[in-house]
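In full-length UniProt numbering, the protein residues as written are 1 to 289.
What follows is the structure, given as structure tokens:
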């Protein structure tokens with residue numbers, strides 16, 4: 001579990017340190033002050049082995065990542081200034097200190113494949129009179145910084161954008177503990193629902209749904225059972241609330257959907273980290289710990 005976190009030059013955050021974090025932490029504040037940026041920084045630092053680790057936070061919120069001119073990378077640096085590295089430092093309850101550094105660097109290689117061109121595909125109208133610059137790569141490095149004077153690099157990721165594709169290379173240095181499972185509960189209902197159907201299906205198969213049902217009664221006392229069904233040719237979670245028909249999740253209200261998401265994700269992220277964006281949406285304040 002994260003005890004302390006320090007973030008610098010990440011999105012809207014110039015420098016921020018949060019100390020003495022507990023099992024459950026609620027971050028409140030005005031809009032545009034960096035609450036979501038804190039969640040993004042934690043998620044990315046625990047997901048760097050995925051080539052789409054910088055795409056996910058954008059897609060989670062229904063956005064479309066812009067891969068042109070490396071706009072994706074720039075958007076994560078404060079004031080779009082790629083000359084200053086992003087740093088995310090965490091201290092866990094067991095005393096382990098991890099440091100993630102994100103930087104944009106020039107390609108360092110004596111021999112590069114700079115493209116192929118033949119006389120058959122030369123378009124004189126597209127030939128630039130300017131000399132071309134070398135390409136850039138994104139470097140993500142994770143260090144074990146438990147011993148500050150002897151930081152040891154554990155993971156090094158190199159990403160490069162080619163057209164509309166991202167290529168990534170991962171190098172692990174030595175043996176590293178399994179990364180902390182981190183799940184992001186997003187503002188996108190479609191992403192949440194797809195994840196819920198999958199996890200809830202497993203709970204039903206393993207006969208582990210009873211505790212979920214009991215917890216759901218705190219927001220709707222009529223709930224008797226939860227199943228998986230097909231409504232309008234779409235797989236959906238359905239509820240027995242005592243009527244003549246089962247009711248789909250989409251008809252149960254936003255609060256039911258949000259609470260079910262939290263409960264289901266809690267089961268699938270044991271001993272991990274759950275990040276919830278805008279937890280207050282759809283849930284009465286009395287149900288928030």
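Even glycine gets a Cβ: it sits at the ideal position worked out from N, Cα and C.
Comparing alpha-carbon positions, the option among 222, 214, 161, 264 lying closest to residue 198 turns out to be 264.
Under the 10 Å beta carbon count, residue 159 is surrounded by 16 or more other beta carbons and is classified as buried. Ranked by Cα distance from residue 175, the first of 214, 269, 142 is 142.
Spanning the alpha carbons of residue 77 and residue 42 requires a straight line of approximately 15 Å. Bridge partners of residue 171 according to DSSP: 156. In this structure, DSSP gives residue 32 a state outside helix and strand, which the three-state scheme calls coil. With a 10 Å radius around the Cβ and a threshold of 16 neighbouring Cβ atoms, residue 99 comes out buried.
Residue 171 counts as exposed, since fewer than 16 other C-beta atoms from the protein chains shown sit within 10 angstroms of its C-beta. For residue 88, the enclosing beta strand (DSSP E) stretches over residues 86-92.
The segment 9-16 and the segment 28-37 touch, with no fewer than 3 CB-CB distances between them shorter than 8 Å. The alpha-carbon of residue 231 is positioned some 25 Å away from that of residue 267. With 16 or more other CB atoms across the displayed protein chains lying within 10 angstroms of its CB, residue 45 is buried.
Buried is the label assigned to residue 200, since at least 16 other Cβ atoms lie within 10 Å of its Cβ. When DSSP states are grouped into helix, strand and coil, residue 260 belongs to the helix group. Contact between residue 228 and residue 239 does not hold, since their C-beta atoms are separated by about 11 Å, which reaches or exceeds 8 Å. Burial state of residue 154 is buried, judged by a 10 Å Cβ sphere holding 16 or more other Cβ atoms.
Judged by DSSP in its simplified three-state form, residue 75 adopts coil rather than helix or strand.
Bridge pairing for residue 239: 226, 247 [DSSP]. Within the model, the alpha-carbon separation for residue 18 versus residue 103 is close to 23 Å.
Within a 10 Å sphere around the beta-carbon of residue 1 sit fewer than 16 other beta-carbons, which makes this residue exposed. Distance from the CA atom of residue 179 to the CA atom of residue 273, rounded to whole angstroms, is 11 Å. Here the alpha carbon of residue 20 sits roughly 6 Å from the alpha carbon of residue 4. With a beta-carbon spacing of about 5 Å, residue 8 and residue 87 fall inside the 8 Å limit used to define contacts. Secondary structure in the segment 181-217: the alpha helix (DSSP H) runs of 4 residues or longer, each lying completely within the stretch, are 189-205, 210-216 in chain order. The three-state reading of DSSP puts residue 255 in helix, counting H, G and I together.
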